[in-house]
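Input: a single structure, listed below in structure tokens.
Number of protein chains: 2
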Amino acid sequence: MAQDKETLILEVARKHFVQKGYAATRTQDIADEAGINKALLHYYFRSKEKLYHEITVRILDTILPRFAKALATEGTFWERLEVIVTSYVDLFQEQPDIPFFIMSELSQKQARFVEELKKRSHHFPAVQGFVLSMHQEMEAGNIRKLPPAQLMLNIMGMTVFPFIAKPIFCTVFEFSDNDFSTLMEERKDIIMNFLKAALKND
Amino acid sequence: MAQDKETLILEVARKHFVQKGYAATRTQDIADEAGINKALLHYYFRSKEKLYHEITVRILDTILPRFAKALATEGTFWERLEVIVTSYVDLFQEQPDIPFFIMSELSQKQARFVEELKKRSHHFPAVQGFVLSMHQEMEAGNIRKLPPAQLMLNIMGMTVFPFIAKPIFCTVFEFSDNDFSTLMEERKDIIMNFLKAALKND
DNA sequence: GCCATATTTAACCACAAAGTTAAACACTTT
DNA sequence: AAAGTGTTTAACTTTGTGGTTAAATATGGC
């Protein structure tokens, strides 16, 4: 549970906004589920818009630093890659609704959201840094050559996609939430081995 | 343009619903953009809900058969895999909004949408068929062994994810729509080569 | 006991959006 | 010319929802 009503509201609101999006969320529903009334919502956050903004900001502020940190780790290429993959999987295991929310925000309010993104992240440079390290590894002949953007898509696709596709995947394969969770734990190694095999230079 | 007003409405409505979701879409906006009035909307479709349903049905009816066909192709494992990857990429190149829409529907109205899915598709058996063929190939020692569900996630992740992540990807890598499109064409081969290398049995 | 902050109550307003209707008009077919 | 279908116009009702308010009531620290 929550310490005070204010954070309780934030928690409930977050759940609704992330699951259903802004337009489909009723402030009344948030109030009901938090066991308070609209007047208190107004008291703390003034408006639905402000509440929503507060939530996106908080999400970005928990996610982006972890992304950046993972991308900027010191070490060999393979060490860095492993940190990235495991960090992402761990993060999404904790907060499975995040990836979908981000994608959703981005595909709608692109301009505004990208602004917010740029404002509060050293994320993009971190990506560029890792891309560079991929490139160097290719030039050094340590891994097979392919366009860095494509390799990035392969890595992110294998890592992030399962969490976005979870509902359809669990339906088709008849997996429970627990099954899925253990599959994702296994997956860290699976991805690393897959990448090692795919990138081996012969 | 559209032949008659009815299909024009469907086209405009589809665009709005797919981009913004049900709740954020205004019937008035649809009417305005289609150059007609709400009365005509009502004349043809009775309600927003019915119009929306009509659209999801039409989307599923164009997508699912193509999925099923790709998954059920005859041939060797690698031939089948190539058909799947290229079919998916081609489909999403034509209709880039589809993957996100499907994921979005599924993560919200799971129960109802899955019903609709099951009702109008032989998709699931097709997936099972391909999974079986993966399994046989592993048993025969032709490709490296790994849990079929994991391999499926790798394939789908690399193939589908880029289209979902397009907005963020294009932002980070400063790609235009055209850049992205050519990248996806390249990608068919990239994915196939990546898979071949990753699955090679040594 | 007093004061500040938190919280409830119970209204209420304003507005946007969906849905509805009736009448008229246009166009084509018969 | 009549009939049917498509389409517009212009109103209207209804409902949902966000926002607002003022007063009353707790609650806890000083």
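Chains A and B supply the protein sequences, listed in that same order.
Residues in the first sequence are numbered consecutively from 0, following numbering that gives the first Met the number 0.
Residues in the second sequence are numbered consecutively from 0, following numbering that gives the first Met the number 0.
Glycine included, C-beta positions come from ideal geometry on N, C-alpha and C.
This structure is a prediction, so every number in the text was calculated from the model and none was measured.
Contact under 7 angstroms by Cβ, L70/B with F129/B: Locating residue 70/B in the second sequence gives position 71, where the first residue counts as 1. Locating residue 129/B in the second sequence gives position 130, where the first residue counts as 1. For L70/B and F129/B, yes; Cβs fall inside 7 angstroms.
In three-state terms, what does DSSP make of D60/B? Residue 60/B sits at position 61 when you count from the first residue of the second sequence. Helix, per DSSP.
Rounded C-alpha distance that separates V88/A from V159/A: Taking the first sequence and counting its residues from 1, one reaches residue 88/A at position 89. Taking the first sequence and counting its residues from 1, one reaches residue 159/A at position 160. Computed Cα separation, rounded: 8 angstroms.
Going by C-alpha to C-alpha distance, which of S175/A, I101/A, K68/A, F99/A sits closest to T85/A? The count along the first sequence starts at 1 and reaches residue 85/A at position 86. Checking every option, the nearest Cα to that of T85/A belongs to K68/A.
CB of Q18/A to nearest heavy atom of the ligand NAD: below 6 angstroms? Among the components of this structure there are no ligands whatsoever, and the ligand NAD is therefore not found.
Between V171/A and chain B, is the shortest Cβ-Cβ distance under 7 angstroms, so that the two count as touching? Taking the first residue of the first sequence as position 1, residue 171/A is located at position 172. V171/A counts as touching chain B.
Indicate whether T26/A and K47/A have their beta-carbon atoms separated by less than 7 angstroms. As a working note, residue 26/A is residue 27 in the first sequence. As a working note, residue 47/A is residue 48 in the first sequence. The answer is yes: Cβ separation under 7 angstroms.
Other residues of its chain near L39/B: CB distance less than 8 angstroms, five sequence neighbours each side excluded: As a first step, residue 39/B must be located in the second sequence, where it is residue number 40. Excluding positions up to five away in sequence, the list reads K4, I8, A30.
Please identify, using Cβ separations under 7 angstroms, the residues of the segment 19–35 of chain A that lie next to chain B, in order along the chain. K19, G20, A22, A23
CA-to-CA distance, M157/A to M155/B, given in whole angstroms: Stepping through the second sequence from its first residue, residue 155/B is reached at position 156. Stepping through the first sequence from its first residue, residue 157/A is reached at position 158. When rounded, the distance between both Cα atoms is 8 angstroms.
Can you tell me whether L50/B is helix, strand or coil according to DSSP? As a working note, residue 50/B is residue 51 in the second sequence. Of the three classes helix, strand and coil, the one that applies to L50/B here is helix, per DSSP.
Entirely within the segment 112–151 of chain A and at least 4 residues each: give me those alpha helix (DSSP H) ranges in chain order. 122–138
Would you please verify whether the beta carbon of A196/B is less than 7 angstroms from any beta carbon of chain A? Taking the first residue of the second sequence as 1, we reach residue 196/B at position 197. Closer than 7 angstroms to some Cβ of chain A, the Cβ of A196/B qualifies, so yes.
In whole angstroms, what is the alpha-carbon distance linking A164/B and L152/A? Position 165 of the second sequence holds residue 164/B. Position 153 of the first sequence holds residue 152/A. Computed Cα separation, rounded: 9 angstroms.
Close Cβ partners of F162/A (< 7 angstroms) along its chain, the five nearest in sequence each way excluded: Along the first sequence, one-based indexing puts residue 162/A at 163. The answer, listed in chain order, is F91, P95, P98.
Assigned exposure category for Y21/B - 16 Cβ within 10 Å defines buried: Within the second sequence, residue 21/B is the residue found at index 22, counting from 1. Y21/B comes out buried.
Which stretch, first to last residue, makes up the alpha helix (DSSP H) that contains P98/A? To locate residue 98/A, count along the first sequence from 1; it is residue 99. Per DSSP, P98/A belongs to the alpha helix (DSSP H) from 97–107.
Around the C-beta of R79/B, are 16 or more other C-beta atoms found within 10 angstroms, so that it is buried, or is it exposed? Position 80 of the second sequence, counted from the start, is the residue given in the question as residue 79/B. The residue in question, R79/B, is buried, as its Cβ has 16 or more Cβ neighbours within 10 Å.
Whole angstroms is fine: what's the gap from K117/A's alpha carbon to I167/B's? Taking the first residue of the first sequence as 1, we reach residue 117/A at position 118. Taking the first residue of the second sequence as 1, we reach residue 167/B at position 168. Roughly 12 angstroms between the two C-alpha positions.
Compare the C-beta of L152/A with all C-beta atoms of chain B and state if any pair is closer than 7 angstroms. The residue given as residue 152/A occupies position 153 in the first sequence. For L152/A, the answer is yes, since a Cβ of chain B falls inside 7 angstroms of its Cβ.
List the residues of chain A whose Cβ lies closer than 8 angstroms to the Cβ of K68/B, in chain order. Indexing the second sequence from 1 puts residue 68/B at position 69. In chain order: nothing, as chain A lies at least about 17 angstroms away.
Leaving out five residues before and five after K14/B in sequence, what residues of the same chain have Cβ atoms less than 6 angstroms from its Cβ? Residue mapping note: residue 14/B aligns to position 15 of the second sequence, counting from 1. Excluding positions up to five away in sequence, the list is empty.
Hey, how far is the Cα of I35/A from the Cα of F44/A? By 1-based counting over the first sequence, the position of residue 35/A is 36. By 1-based counting over the first sequence, the position of residue 44/A is 45. The alpha-carbon atoms of I35/A and F44/A are separated by roughly 13 angstroms.
Beta-carbon spacing of A148/B, F172/A below 7 angstroms: Looking up residue 148/B in the second sequence gives position 149. Looking up residue 172/A in the first sequence gives position 173. Yes. Within cutoff.
A12/A, enclosing alpha helix (DSSP H) - first and last residue: On the first sequence, position 13 is the one that residue 12/A refers to. From DSSP, the alpha helix (DSSP H) with A12/A extends over 4–19.
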